[in-house]
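For reference, the structure discussed in these notes is given below.
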Amino acid sequence: MYSILASIDPVAFSLGPISVRWYGVIIAAGILLAFFVGQREMVKRGLHPEFLTDLLIWAVPLAIVGARIYYVIFQWDHYKDNPGEIIQIWNGGIAIHGALIASVIVAYIFTKRRNTSFLKVADILAPSILIGQAVGRWGNFINQEAHGGEVSRTFLENLYIPDWIINQMYIDGAYYHPTFLYESMWSLVGIIILLLLRRVNLVRGEMFFFYMIWYSVGRFFIEDMRTDSLVANGLRAAQIVSVIAIVLAVALIIYRRVAIKNPPHYKDE
């Protein structure tokens, strides 16, 4: 008989009546780590040291808003009857695709106003985006959400993951696929590949397009395991968006390679 440890408390600490949840702490940690990695490369590539800080002042809050709006739209049948829950992001319920869409729009407008290449900035930040995603998924782990279907404890033990992860996957009397872990590990591999691709000096934009392809391929298959997928017309929304992102990224790579003569590369000033 296995001994089941108590689930990890989602509250990290309290400051009087205010409870600070691990979900928010982990998301913040992911953003900070992504910032430090991106900042170093931005300065190396000749951008102003405060460029990324100024961008994030706009991008982070609007990304959170975008992530929540995306989620609420696909769960409107619930939130229309519970409008007070719409702002309760500390209980989970933000969608990464919503955050990404909002961030891209903000970054595009910001770079245009700063007379800077959007694709240059997107290339520089591609590894940082994956860093934020790899770390952020552990917030889902703490909240015991975004998991896959039911599995046995033996299945999880055969993955050679620590007991504290296995125990947290014990939810309401059953064990579940740790899809948060699968996506976090997939993102980690993508980070390593992107950092290596910096040495290849690809055509400008292709680092970001590779990110779109890499993340979308992994998300497409991992999404198929999840039990909490957002659905549109009977189809999983994340899979639809993933396919669109892959097709768009591949098309842009081909188009820019064919249509643009002597295109700028990653390391070009």
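At position 32 of the sequence shown (counting the first as 1) the number is 32 in UniProt numbering, and the numbers step up by one without a gap. Glycine is no exception: its CB is placed at the ideal position from the N, C-alpha and C atoms. None of these values were measured; they are calculated from a predicted model.
Alpha carbon of residue i to alpha carbon of residue j, nearest angstrom
{"i": "Ile101", "j": "Ala63", "result": "8 Å"}
{"i": "Val25", "j": "Val258", "result": "45 Å"}
{"i": "residue 284", "j": "Phe118", "result": "An answer regarding residue 284 cannot be provided, because it is not within the stretch 1 to 269 covered by the chain."}
{"i": "Ala29", "j": "Gly136", "result": "8 Å"}
{"i": "Ile131", "j": "Thr111", "result": "22 Å"}
{"i": "Ile253", "j": "Tyr160", "result": "38 Å"}
{"i": "Met169", "j": "His177", "result": "7 Å"}
{"i": "Val106", "j": "Val60", "result": "10 Å"}
{"i": "residue 272", "j": "Val104", "result": "The structure shown does not extend to residue 272, since the chain is modelled only from 1 to 269, so the question has no answer here."}
{"i": "Ala99", "j": "Pro162", "result": "30 Å"}
{"i": "His265", "j": "Tyr215", "result": "22 Å"}
{"i": "Leu196", "j": "Asp172", "result": "42 Å"}
{"i": "Ile142", "j": "Gly190", "result": "23 Å"}
Rounded Cβ spacing between residue i and residue j (contact assumed at less than 8 Å)
{"i": "residue 270", "j": "Leu230", "result": "Here the chain covers residues 1 to 269 and nothing more, so residue 270 does not appear."}
{"i": "Glu183", "j": "Gly218", "result": "6 Å"}
Cutoff 7 Å; reference residue i; Cβ partners in own chain excluding five residues on either side
{"i": "Thr179", "result": "Ala146, His147, Gly148, Ile222, Met225, Arg226"}
{"i": "Met42", "result": "Phe51, Leu52, Ile124"}
{"i": "Leu56", "result": "Phe35"}
{"i": "Gln39", "result": "Leu52"}
First through last residue of the alpha helix (DSSP H) which encompasses residue i
{"i": "Arg40", "result": "22 to 44"}
{"i": "Val104", "result": "96 to 113"}
{"i": "Ser242", "result": "237 to 259"}
{"i": "Val203", "result": "No alpha helix (DSSP H) contains Val203, which DSSP labels as neither H nor E."}
N- and C-terminal bounds of the beta strand (DSSP E) containing residue i
{"i": "Ser7", "result": "Note, Ser7: premise wrong, no beta strand (DSSP E); not H, not E."}
Own chain partners of residue i with C-beta closer than 6 Å, once the 5 adjacent residues on each side are dropped
{"i": "Trp164", "result": "none"}
{"i": "Gln239", "result": "Phe220, Glu223"}
{"i": "Ala67", "result": "Ile94, Ala95, Gly98, Ala99"}
Chain-order list of residues whose beta-carbon lies under 8 Å from that of residue i (same chain, five-residue window excluded)
{"i": "Asp228", "result": "Glu145, Ala146, His147"}
{"i": "Trp58", "result": "Val106, Phe110"}
{"i": "Ser152", "result": "Tyr175"}
{"i": "Tyr79", "result": "Val72, Glu85, Ile86"}
{"i": "Ile213", "result": "Ala245, Ile246, Ala249, Val250"}
Any chance you could list the beta strand (DSSP E) runs of at least 3 consecutive residues sitting entirely within the region 142 to 192, in chain order? The region 142 to 192 contains these whole beta strand (DSSP E) runs: 174 to 176.
Residue ranges of each alpha helix (DSSP H) run of no fewer than 4 residues wholly in the region 49 to 91, ordered along the chain? As far as the region 49 to 91 is concerned, its whole alpha helix (DSSP H) runs of at least 4 residues are 51 to 74, 76 to 79.
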